[in-house]
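Everything on this sheet refers to the single structure shown next.
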Amino acid sequence: MSVSEQKLSGGEAPRPLYIQLAYAIGERIAAGTYAVGELLPTEAELGEAFGVSRYTVRQAIQHLRQQGLVSARKGVGTRVEARRAGARYSHSIHSLSELLQFAHETRLDVIGHELIEARGALAELLGCRPRKPWLRFEGIRMGIGGDPPICHTEVYIDAAYRAIVSDTSSLRTAVWSLIESRFGETVIEVDQEIEAAILDEKQARLLKALPGTPALRFTRRYYVTGRRLVEMSINLHPADRFTYRMTIKRDVPGG
């Protein structure tokens with residue numbers, strides 16, 4: 174199948190090249206240029222047409238696979254499965270770079286923020302002294318295609334770094350990455366907890382779901398040198414819109 178030329182731009186583009194390419198291919202799928210049931214052009218053809226490497230093409234195809242738009246079989250090719258992405262969002266996280274990639278692939282719309290003092294259960298959750306100031310903000314994370322929302326996010330930032338959010342209505346990168354770039358800190362460790370949860374009325378309304386819907390709650394704590402907590406995020410995903418995937422391998426002696 175031939176593919177029209179559309180060179181992508183690196184430089185100061187707001188999204189990584191593979192996301193731009195996934196968008197471009199997704200638009201052609203939605204328009205019927207690449208019909209459901211047909212094979213996409215090869216990696217080499219797509220790379221040449223869009224002016225990107227085969228590695229970028231593979232990343233874009235993987236992204237489209239996660240959206241349910243295409244499937245790939247070795248020796249066969251990449252087949253178009255649907256004209257539009259499904260509601261389920263899937264990702265795997267094994268490193269800080271993949272956390273950052275997830276943030277770049279989505280948009281966090283900030284609902285509101287306030288400066289608070291951690292007391293009682295919250296101070297215990299944050300592992301800090303009572304009355305320590307934190308910036309709390311909440312928002313809704315949206316995917317590339319818009320609705321439905323991916324998750325409700327509640328973030329606590331050490332008040333020393335509150336300037337990064339105070340005048341922001343939408344974030345296209347990770348909060349911890351902003352802390353690193355603006356304040357010279359280095360995140361060296363992230364603790365993550367995953368729990369089952371139920372959406373309350375407010376959360377369900379914001380997420381356009383029904384109250385009582387099962388959900389997955391991801392709590393992440395970000396530490397800098399000296400294991401000092403600079404951020405804690407609580408992300409609530411409706412269970413029917415999200416899949417978390419990880420690979421576990423056997424340790425090989427001497428490996």
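Okay, so the sequence shown: first residue is 174 according to my numbering, each after it adds one.
Beta carbons are placed, not taken as given, at the ideal position from N, Cα and C, and that holds for glycine.
Computed from a predicted model, the values in this text were never measured in an experiment.
Rounded distance between the beta-carbons of residue j and residue i, thought under 8 Å
i, j, result
"LEU383", "ALA369", "Contact doesn't hold; Cβ gap of about 17 Å is too wide."
"ARG304", "ILE289", "That belief does not hold up - the Cβ atoms of ARG304 and ILE289 are roughly 10 Å apart, past 8 Å."
"LEU269", "THR229", "That belief does not hold up - the Cβ atoms of LEU269 and THR229 are roughly 21 Å apart, past 8 Å."
"VAL348", "ILE367", "Incorrect: roughly 19 Å between the Cβ atoms, too far for contact."
"SER342", "VAL283", "6 Å"
"ALA195", "ALA233", "4 Å"
Residue i vs residue j beta-carbon contact at 8 Å
i, j, result
"PRO321", "ARG414", "yes"
"GLY405", "THR420", "The sequence shown places Met at residue 405, rather than the Gly named in the question. Contact flag unset, no."
"LEU237", "ILE192", "no"
"LEU219", "VAL243", "no"
"LEU281", "THR326", "yes"
"ARG355", "ILE337", "yes"
Close Cβ partners of residue i (< 8 Å) along its chain, the five nearest in sequence each way excluded
i, result
"ARG246", "ARG252"
"GLY205", "ARG256"
"TYR207", "MET174, ILE198, ARG201, LEU213 and VAL253"
"GLY385", "ILE371, LEU372 and ALA377"
"SER381", "It is Lys, not Ser, that sits at residue 381 in the sequence shown. Cβ neighbours of LYS381 beyond the five flanking positions: ASP320, PRO321 and PRO322."
Assigned exposure category for residue i - 16 Cβ within 10 Å defines buried
i, result
"ALA217", "exposed"
"PRO150", "There is no way to answer for residue 150, as the model of the chain reaches only from 174 to 428."
"TYR262", "Per-residue confidence for TYR262 stands at a pLDDT of 49, beneath the threshold of 50, marking its modelled position as unreliable; the derived number appears in the next sentence. Classification of TYR262: buried, given that the 10 Å Cβ count is 16 or more."
"ARG345", "exposed"
"GLN365", "exposed"
"GLY248", "exposed"
"ALA276", "buried"
"ARG314", "buried"
"VAL328", "buried"
"GLY285", "exposed"
"VAL397", "buried"
"LYS422", "exposed"
"ALA186", "For ALA186, the predicted model reports a pLDDT of 44, less than 50, meaning its position is unreliable; a value from the coordinates is still stated below. Answer is exposed; the Cβ neighbour count stays below 16."
Test: residue i CB closer than 8 Å to a CB of chain C
i, result
"GLY220", "Within the model displayed, chain C is absent; a lone protein chain is all it includes."
Close-in-space but distant-in-sequence residues of the same chain around residue i (CB under 7 Å, 5 per side omitted)
i, result
"GLU353", "THR359 and VAL360"
"LYS375", "none"
"ARG231", "GLU216"
"GLY293", "none"
"ALA435", "Any property of residue 435 remains undetermined from this structure, which presents the chain solely from 174 to 428."
Neighbourhood of residue i by C-beta distance below 6 Å, restricted to the same chain and skipping five residues each side
i, result
"TYR395", "TRP349, VAL360, VAL363, VAL403 and GLU404"
"GLY291", "It is Ala, not Gly, that sits at residue 291 in the sequence shown. Only LEU299, CYS301, LYS305 and TRP307 meet the Cβ criterion."
"LEU273", "ALA347 and SER350"
"GLY312", "LEU281, ASP282, VAL283, ILE284 and THR326"
"ALA296", "PRO303"
"ASN408", "CYS324, THR326 and PHE391"
"GLY250", "LEU212"
"GLY357", "none"
"PRO387", "ALA412"
"GLU434", "Because residue 434 is not part of the residues shown, which for the chain are 174 to 428, the question remains open."
"ARG335", "LEU308"
Sequence ranges, beta strand (DSSP E) only - wholly within the stretch 369 to 411, length at least 3: 387 to 397 and 401 to 411
Whole beta strand (DSSP E) elements within the stretch 187 to 249, 3-residue minimum: 243 to 246
Ranges of the beta strand (DSSP E) found wholly within the stretch 287 to 340, counting only runs of at least 3: 305 to 316 and 319 to 331
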